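All remarks here apply to the structure that follows.
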Amino acid sequence: MSVYDAGLLSDIGILLLGALSVYIILATGQLSLGNAGFMGIGAYLTSWLTVVAGLPITAALIVAALVSGAIGVAVGFPALRLKGIYLAMATLGFGEMVRSFFQNFSAMGGSEGFHGMHHVSTGYIWTWAAIVLVLIMLIEASPIWLEIRAVRDDETAAGLVGLNPTEIKVGAFGCGAAVAAIAGGLFAHHHVYIEPGNFSFERSIDFVLAVILGGSTVAPGALAGAVILVVLPEYLRFLADWRFAAFGALLIGMLLVRRQGLLDRALLRFAWPRSRA
Amino acid sequence: MLIQQLVNGLTLGAVYTLIALSFSLVMGILGVLNLAIAELFMLGGYFGFAVLMAQLPLPLALIAGMAGAALVAAIVERIGYQPFRAAPVVTPMLSTLGFSIILQNVATNVWGSDPLQLTDEVLSGRFNIGPVSVSAIQLTVLGVTVLLVALLAFLVQRTSIGRALRAVAENRDVARLLGVPAGRITLIAFMLSGALAGAAGVLIGVHYAAITPYIGVEIGLKAIAVMVVGGTTRIWGALIAGPLMGVVEVMTVAYGGSQIRDFVVYGFMILILLLRPQGLLGGGRSDQGQRV
Numbered sequence: 024m025s026v027y028d029a030g031l032l033s034d035i036g037i038l039l040l041g042a043l044s045v046y047i048i049l050a051t052g053q054l055s056l057g058n059a060g061f062m063g064i065g066a067y068l069t070s071w072l073t074v075v076a077g078l079p080i081t082a083a084l085i086v087a088a089l090v091s092g093a094i095g096v097a098v099g100f101p102a103l104r105l106k107g108i109y110l111a112m113a114t115l116g117f118g119e120m121v122r123s124f125f126q127n128f129s130a131m132g133g134s135e136g137f138h139g140m141h142h143v144s145t146g147y148i149w150t151w152a153a154i155v156l157v158l159i160m161l162i163e164a165s166p167i168w169l170e171i172r173a174v175r176d177d178e179t180a181a182g183l184v185g186l187n188p189t190e191i192k193v194g195a196f197g198c199g200a201a202v203a204a205i206a207g208g209l210f211a212h213h214h215v216y217i218e219p220g221n222f223s224f225e226r227s228i229d230f231v232l233a234v235i236l237g238g239s240t241v242a243p244g245a246l247a248g249a250v251i252l253v254v255l256p257e258y259l260r261f262l263a264d265w266r267f268a269a270f271g272a273l274l275i276g277m278l279l280v281r282r283q284g285l286l287d288r289a290l291l292r293f294a295w296p297r298s299r300a
Numbered sequence: 005m006l007i008q009q010l011v012n013g014l015t016l017g018a019v020y021t022l023i024a025l026s027f028s029l030v031m032g033i034l035g036v037l038n039l040a041i042a043e044l045f046m047l048g049g050y051f052g053f054a055v056l057m058a059q060l061p062l063p064l065a066l067i068a069g070m071a072g073a074a075l076v077a078a079i080v081e082r083i084g085y086q087p088f089r090a091a092p093v094v095t096p097m098l099s100t101l102g103f104s105i106i107l108q109n110v111a112t113n114v115w116g117s118d119p120l121q122l123t124d125e126v127l128s129g130r131f132n133i134g135p136v137s138v139s140a141i142q143l144t145v146l147g148v149t150v151l152l153v154a155l156l157a158f159l160v161q162r163t164s165i166g167r168a169l170r171a172v173a174e175n176r177d178v179a180r181l182l183g184v185p186a187g188r189i190t191l192i193a194f195m196l197s198g199a200l201a202g203a204a205g206v207l208i209g210v211h212y213a214a215i216t217p218y219i220g221v222e223i224g225l226k227a228i229a230v231m232v233v234g235g236t237t238r239i240w241g242a243l244i245a246g247p248l249m250g251v252v253e254v255m256t257v258a259y260g261g262s263q264i265r266d267f268v269v270y271g272f273m274i275l276i277l278l279l280r281p282q283g284l285l286g287g288g289r290s291d292q293g294q295r296v
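Residue numbers (my numbering), protein chains in the order written: chain A, 24 to 300; chain B, 5 to 296.
Quick look at the structure:
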């Protein structure tokens with residue numbers, strides 16, 4: 024495998040984790056436009072833990088995921104009183120605040136960025152991505168997922184049948200924050216240099232795009248989306264400077280033709296008739 | 005010093021007011037967050053610049069910016085909103101996001117990613133009122149904003165189009181039963197909103213004497229915060245929130261450093277969302293919640 028391919032594969036793995044972080048939250052019917060903020064928290068915290076505190080990378084990632092998850096729950100509790108677009112706007116604000124915070128956080132380099140991390144292998148990134156993906160697919164096959172879907176379909180009705188929508192929504196938000204932090208930690212140790220600009224609004228949008236293009240109703244959709252988002256620009260090189268316009272058109276086209284994204288339940292059932300997907 | 009900053013803040017606030025009004029026109033009437041507005045604002049600036057560089061006067065540039073942005077907004081409405089009218093609110097937001105990606109890319113390719121500079125000053129001259137110095141451009145920005153807001157107010161409150169707009173905002177189905185052409189009204193709402201964003205783009209471009217393809221993300225997105233602070237269900241909330249946020253931002257830059265201004269602006273928005281989700285000017289709680 025060439026260095027170029029390995030780089031692409033690593034990018035796919037990191038984007039997959041980021042997309043999954045959005046997917047978990049979207050499964051409860053909430054849209055987060057601020058997951059790059061959690062990614063940034065994860066990236067900076069992991070880097071600090073490995074470079075300054077000297078922790079091994081795996082331990083650092085776990086700590087970062089836990090801390091970011093806790094922040095996600097803390098932010099989620101008040102924020103999840105907001106619904107739909109209002110939540111999307113609040114998370115957008117949160118993401119920009121985190122970016123702005125690291126811009127001023129001179130202990131970690133401020134706007135100059137932070138470096139000194141050791142490079143991690145593509146295999147290591149994919150181990151994490153695979154573990155998280157499988158975990159989410161296991162949850163999808165469990166009764167918890169039915170509760171999550173109930174909350175997404177109708178929150179009031181879910182509450183009436185004895186579920187706790189707040190708990191489920193905040194829990195999903197925390198999990199999403201933790202996964203985004205892992206993506207951030209791996210991003211930092213893949214590129215071995217981070218700056219606040221890495222975790223801007225555009226990054227959050229990338230995550231959302233991957234989920235929407237790949238399929239927003241099944242977890243493997245995030246994988247399909249991540250592959251599309253990383254590989255397609257390589258094939259669209261002949262479009263040169265117009266790549267992003269092609270991407271925007273693709274997004275609109277996908278929404279017009281197939282709102283649920285590339286993969287959905289029906290397609291998975293068609294591909295693997297006996298699976299319960 | 006303080007009053008000087010106040011004037012600078014009001015100028016920025018005027019531009020915020022226009023973009024926030026642009027956001028809340030669509031949000032208040034259709035309940036849709038049109039993310040392409042940030043780029044319509046940027047495009048308006050470029051259209052205006054194109055006219056100014058052809059040595060034509062500023063009013064013409066303003067009209068070109070408004071008309072151009074309104075046209076693009078019409079396209080966004082036909083392709084990015086109409087087909088998704090019945091879909092969950094997130095879907096039209098994503099399709100307008102698609103447009104915003106396209107528009108930014110087109111602007112980067114057509115005009116380059118480097119800032120486009122105005123070579124000669126459009127309006128020169130400063131007026132000194134006591135210790136405060138106001139440039140002719142600042143006065144123009146403030147004046148045009150007041151004029152446009154007055155025009156919009158007249159349109160929405162006094163004309164039959166405005167009545168139809170308010171009727172669709174209240175209840176689309178009933179409005180249609182009463183003979184309001186709802187499809188045409190949403191198109192008008194998008195175009196009005198685009199025209200406002202375009203005007204704001206021309207004004208900020210003239211004010212800074214430069215424009216970049218990224219100004220939509222830098223300034224346009226912050227207008228969402230302004231809209232939220234003003235209240236999303238009452239479009240006039242932007243009239244208070246715009247100047248307020250402009251002053252807050254300029255004061256933050258002057259006394260706290262330019263780095264933390266985004267932090268303060270977005271923090272203010274989140275605080276409002278949590279403590280007073282209906283916005284500063286919003287009515288009772290019964291007003292909101294239904295839109296989403």
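Here a beta-carbon is modelled for each residue, glycine too, at the ideal position from N, C-alpha and C.
None of the values given here were measured: they were computed from a predicted structure.
When B:Trp-240, B:Ile-239 and B:Phe-272 are compared, the shortest CA-CA separation from Val-251 of chain B is found for B:Phe-272. When DSSP states are grouped into helix, strand and coil, Arg-130 of chain B belongs to the strand group.
An exposed status is given to Phe-131 of chain B, since fewer than 16 other beta-carbon atoms sit within 10 Å of its beta-carbon. Across the structure, Ala-42 of chain A and Leu-252 of chain A are spaced so that their CA atoms are roughly 11 Å apart. The way I'd put it, the region 97-112 of chain B doesn't touch the region 170-189 of chain B; fewer than three beta-carbon pairs between them come closer than 8 Å. Per the coordinates, the alpha-carbon of Leu-146 of chain B lies some 33 Å from the alpha-carbon of Leu-56 of chain A. For Tyr-109 of chain A, the three-state secondary structure derived from DSSP is helix. Here Phe-222 of chain A really is in contact with Ala-66 of chain A; their C-beta atoms are around 7 Å apart, less than 8 Å. Counting C-beta pairs with one atom in each stretch, the region 227-243 of chain B and the region 25-32 of chain B have three or more that are closer than 8 Å, which means they touch. Interface criterion not met: the Cβ of Pro-188 of chain A is under 9 Å from no Cβ in chain B. Burial state of Val-250 of chain A is buried, judged by a 10 Å Cβ sphere holding 16 or more other Cβ atoms.
The Cβ atoms of Ala-242 of chain A and Gly-92 of chain A lie no closer than 9 Å to each other. Short of 6 Å from the beta carbon of Ala-74 of chain B, and not among the five residues preceding or following it, lie these beta carbons of its own chain, in chain order: Met-195, Gly-198 and Ala-199. By the neighbour-count criterion, in which a residue is buried when 16 or more other Cβ atoms sit within 10 angstroms of its Cβ, Gly-246 of chain B is buried.
Per DSSP, Ser-197 of chain B is one residue of the alpha helix (DSSP H) stretching across 186-212. Burial is judged here by how many other beta carbons sit within 10 angstroms of a residue's own beta carbon; Leu-151 of chain B has fewer than 16 and is exposed. The alpha-carbon of Gly-84 of chain B is positioned some 10 Å away from that of Ala-78 of chain B. Here the C-alpha atom of Val-136 of chain B lies approximately 13 Å from the C-alpha atom of Leu-143 of chain B.
By the C-beta density criterion, Tyr-46 of chain A is buried, having at least 16 other C-beta atoms within 10 angstroms. When secondary structure is reduced to three states using DSSP, Tyr-216 of chain A falls in the strand class. By the CB criterion at 9 Å, Leu-16 of chain B and Val-254 of chain B fall inside the cutoff. At a C-beta separation below 7 Å, Val-110 of chain B has these neighbours in chain A: Ala-268. Counting along the chain, the unbroken beta strand (DSSP E) around Val-136 of chain B starts and ends at 136-139. When B:Glu-81, B:Leu-156 and B:Leu-14 are compared, the shortest CA-CA separation from Leu-39 of chain B is found for B:Glu-81. Bounds of the alpha helix (DSSP H) holding Leu-64 of chain B are 62-79.
In this structure, DSSP gives Ile-162 of chain A a helical state, which the three-state scheme calls helix. Within 7 Å of the CB of Leu-54 of chain A, the CB atoms of chain B belong to Val-94, in sequence order along the chain. For the 9 Å CB-CB criterion, Leu-62 of chain B and Leu-56 of chain B form a contact. Considering only beta carbons, the part of the region 251-282 of chain B lying closer than 7 Å to chain A consists of Gln-263, Ile-264, Asp-266, Phe-267, Tyr-270, Gly-271, Met-273, Ile-274, Leu-277, Leu-278 and Pro-281, in chain order.
Rounded to the nearest whole angstrom, the CA to CA distance from Gly-209 of chain B to Val-174 of chain A is 46 Å. For Met-195 of chain B, the closest Cβ of chain A is not nearer than 9 Å. Not a single CB atom of chain B sits nearer than 9 Å to the CB of Tyr-46 of chain A. Between the region 25-44 of chain A and the region 153-160 of chain A, the count of Cβ pairs shorter than 8 Å is three or higher; the stretches touch. At a cut-off of 9 Å between beta carbons, Glu-218 of chain A makes no contact with chain B. Excluding the 5 residues flanking it on each side, Ile-141 of chain B has same chain C-beta neighbours closer than 8 Å at Val-126, Leu-127, Val-210 and His-211, in chain order.
Against chain A, the CB of Leu-248 of chain B has no partner CB under 9 Å away; the residue lies outside that interface.
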